[in-house]
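**Q** Structure incoming, see below.
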Amino acid sequence: MKYKIPRGTQDILPATSPLWRIVEEKAHDLCRRYNYKEIRTPMFEQTELFARGVGDTTDIVQKEMYTFEDRGGRSLTLRPEGTASVARSYAENKMHGWADQPVKLYYIGPMFRYERPQSGRMRQFVQFGVEAMGSDDPAIDAEVIALAMNFYQELGLKGLKLVINSLGDKESRNAHRSALVNHFEPRISEFCGDCQQRLETNPLRILDCKKDRDHELMATAPSILDYLSDESSAYFKNVQRYLESMNIPYTVDSGLVRGLDYYNSTAFEIMLEGDGFGAITTLMGGGRYNGLVEDLGGPETPGIGFALSLERLLMALETQGIELPVEEGIDAYLVTMGDNAKQHAPALLHRLRAAGIAAEADYMNKKMKGQFKAADRQKAAFTLVIGDDELENGTVVLKNTETGEQENIPEEKAIEKIKEERGA
RNA sequence: GCGGCCGUGGCGAAGCUGGUUAACGCACCGGAUUGUGGCUCCGGCACGCAUGGGUUCGAAUCCCAUCGGUCGCCCCA
């Protein structure tokens with residue numbers, strides 16, 4: 001084989017593309033009910049947007065971006081996530097001036113990260129994301145979380161676990177960071193190499209290290225929640241109160257950290273209980289990003305959103321054996337016998353299709369037996385048979401593929417009958 | 001960037017302590033059955049075992065390299 005698909009990408013073939021449509025339609029429908037409007041931003045942006053927005057020190061920016069130079073010498077990057085683009089668009093299109101606030105947007109589209117692929121992690125993957133911008137009402141936090149939970153629940157997923165935390169404002173975060181360093185530094189040599197690294201880069205990450213989970217310093221480590229300002233603390237309490245009022249169960253985990261620089265205040269994740277699938281348990285991540293729009297040159301704007309991967313969703317559905325209602329099978333397969341009938345086929349097919357009937361015929365010069373097999377394989381509800389006799393009479397043999405009953409009737413009658421049966 | 005496992009027909013999969021013709025199953029095509037499928041029977045379907053070197057009288061089977069897949073680490077959706 002000369003050409004191969006690029007690493008970390010996939011062809012979504014007809015066997016699975018219907019699942020994607022179902023899931024995407026669910027997202028569209030849910031957003032309609034929650035009154036979020038679709039936004040479509042470019043799949044690439046100025047590299048600087050992500051460096052600024054996502055954060056220079058993040059793994060995404062440091063080693064995962066698909067960056068290239070265009071013919072004009074501009075540095076562009078395939079988007080690794082959606083929030084930076086939406087924030088850019090918010091500022092650029094002066095959405096702060098729109099009559100209806102907050103501006104509630106959603107998107108579905110491919111994202112790109114240069115990583116070693118593994119189960120649930122691709123170089124091109126599809127995210128469904130939601131952003132609510134312009135409001136710092138804790139009720140909108142709860143709404144965004146509720147939307148995500150409903151999305152999974154309405155698709156039938158079980159064992160969902162919502163985890164929330166508050167990262168506080170910048171001051172709270174810095175104070176907490178110092179406290180963590182002070183806590184671990186004296187005995188950091190007792191920790192794994194990764195953790196020793198984390199002490200420098202992101203001390204918060206030490207808290208969810210799998211290797212050092214049982215170290216005694218873990219239990220006594222300072223919690224971000226103890227460093228929240230009164231305001232941040234009250235805000236977080238309100239988010240929780242709203243979740244409770246909607247009967248959405250959650251767990252507060254002070255170790256929940258989000259990886260991107262723009263997050264602050266409310267942070268949340270939806271995970272799969274137990275082992276999940278492969279090494280992946282996180283289905284969705286999100287949080288508040290007050291200040292992002294401002295960082296990108298717009299007005300001071302609070303914002304909150306989430307992003308989830310449709311690949312991971314489909315994997316989760318599959319591991320739980322959840323079957324989505326895929327419509328399959330065509331309405332009619334036209335079997336022809338002899339040259340005259342074959343020549344008449346296109347015209348009859350044309351008429352069937354114009355009448356709203358999903359119809360197919362043979363283009364491989366198959367014998368009758370082969371045509372019937374094809375009709376079975378394609379799950380045709382009806383088989384139409386025409387030969388010299390039928391052509392002469394302007395009739396067609398209409399056969400119900402399942403029951404095997406058949407009758408010789410005029411073409412128009414057959415079309416009517418199929419329409420009636422199939423609701424076309 | 002690092003590590004484990006793997007790479008044989010459209011798919012699944014034997015063969016892998018080296019030795020004429022590369023099992024078998026599924027799918028597909030044809031015939032038995034020249035106007036009717038799903039069952040049965042018969043037949044067909046890999047100038048070739050990821051690619052390139054090497055060892056050998058001889059390699060799908062051993063060695064090396066490269067590429068690819070997969071799973072995991074890091075991190076994340």
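Under the working numbering, the very last position in the first sequence is 424; numbers go up by exactly one each time.
Backbone N, C-alpha and C define an ideal beta-carbon position, used for all residues, glycine too.
#1: Looking only at its own chain, which residues have a Cβ that is under 6 Å from the Cβ of residue 284, when we skip the five neighbours before and after it?
#2: Smallest Cα separation from residue 314: which of 196, 256, 184, 128?
#3: What's the gap between the Cα of residue 11 and the Cα of residue 19?
#4: Going along the chain, which unbroken runs of the beta strand (DSSP E) with 3 or more residues stay wholly within the stretch 44-77?
#5: If we ignore side chains and look at the alpha-carbon of each, how far apart do residue 208 and residue 254 end up?
#6: Given this structure, state the Cα-to-Cα distance separating residue 109 from residue 82, to the nearest angstrom.
#7: Who are the near neighbours of residue 119 in its chain, counting only those whose CB is closer than 6 Å to its CB and skipping five residues on each side?
#8: Nearest CA to the CA of residue 344: which residue from 100, 396, 300?
#9: Grouping DSSP H, G and I as helix and E and B as strand, with all else coil, what is residue 320?
#10: Can you check whether the CB of residue 157 is closer than 8 Å to the CB of residue 317?
#11: Provide the residue span of the alpha helix (DSSP H) that contains residue 304, from first to last.
#12: What does the alpha-carbon distance come out to for the pair residue 197 and residue 187?
#13: Taking its Cβ as the centre, do 16 or more other Cβ atoms sit within 10 Å of residue 176, making it buried, or is it exposed?
#14: Along the chain, where does the alpha helix (DSSP H) containing residue 153 start, and where does it finish?
#15: Closest by CA to residue 384, which one among 342, 364, 251?
#16: Given 8 Å as the limit, is there contact between the stretch 205-225 and the stretch 247-261, that is, 3 or more CB pairs closer than that?
#17: Which whole-angstrom value describes the C-beta separation of residue 88 and residue 45, a residue pair presumed to lie in contact below a C-beta threshold of 8 Å?
#18: Within its chain, find whatever has a CB closer than 7 Å to the CB of residue 349; leave out the 5 residues flanking it on each side and keep chain order.
#19: Is the Cβ-Cβ distance between residue 91 and residue 297 less than 8 Å?
#20: Please report the straight-line C-alpha distance between residue 43 and residue 9, rounded to a whole angstrom.
#21: For a minimum of 3 consecutive residues, which ranges assigned as the beta strand (DSSP E) are wholly contained in the stretch 225-308?
#22: Per DSSP, what kind of secondary structure is residue 3 in: helix, strand or coil?
#23: Kindly identify the DSSP beta-bridge partner or partners of residue 332.
#24: Between the Cα of residue 55 and those of 292, 409, 133, 266, spot the shortest distance and give me the residue it belongs to.
#25: In three-state terms, what does DSSP make of residue 132?
#26: For residue 322, count neighbouring Cβ atoms within 10 angstroms of its own Cβ and tell me buried if that reaches 16, exposed if not.
#27: Looking only at its chain, what residues have a beta carbon closer than 7 Å to the beta carbon of residue 138, apart from the 5 residues adjacent to it on each side?
#28: Considering only residues of the same chain and omitting the five flanking positions on each side of residue 299, which have a CB-CB separation below 8 Å?
#29: Thinking just about the alpha-carbon of each residue, which of 263, 311, 340, 172 is nearest to the one in residue 117?
#30: Per DSSP, residue 160 is paired with what?
#31: Roughly how many whole angstroms lie between the Cα atoms of residue 98 and residue 104?
#32: Restricting to Cα atoms, I'd like to know which of 289, 415, 64 is closest to residue 331.
#33: Just the C-alpha distance for residue 259 and residue 65, rounded to the nearest angstrom, thanks.
**A** Concretely, from the data shown:
#1: 148, 270, 306, 308
#2: 128
#3: 14 Å
#4: 44-46, 66-69
#5: 10 Å
#6: 9 Å
#7: 278
#8: 396
#9: coil
#10: yes
#11: Note, residue 304: premise wrong, no alpha helix (DSSP H); beta strand (DSSP E) at 303-309.
#12: 13 Å
#13: buried
#14: 138-154
#15: 342
#16: yes
#17: 7 Å
#18: 334, 359, 361
#19: yes
#20: 15 Å
#21: 264-272, 282-288
#22: coil
#23: 359, 382
#24: 292
#25: strand
#26: exposed
#27: 235, 238, 239, 242
#28: 91, 96, 293
#29: 311
#30: 272
#31: 11 Å
#32: 415
#33: 15 Å
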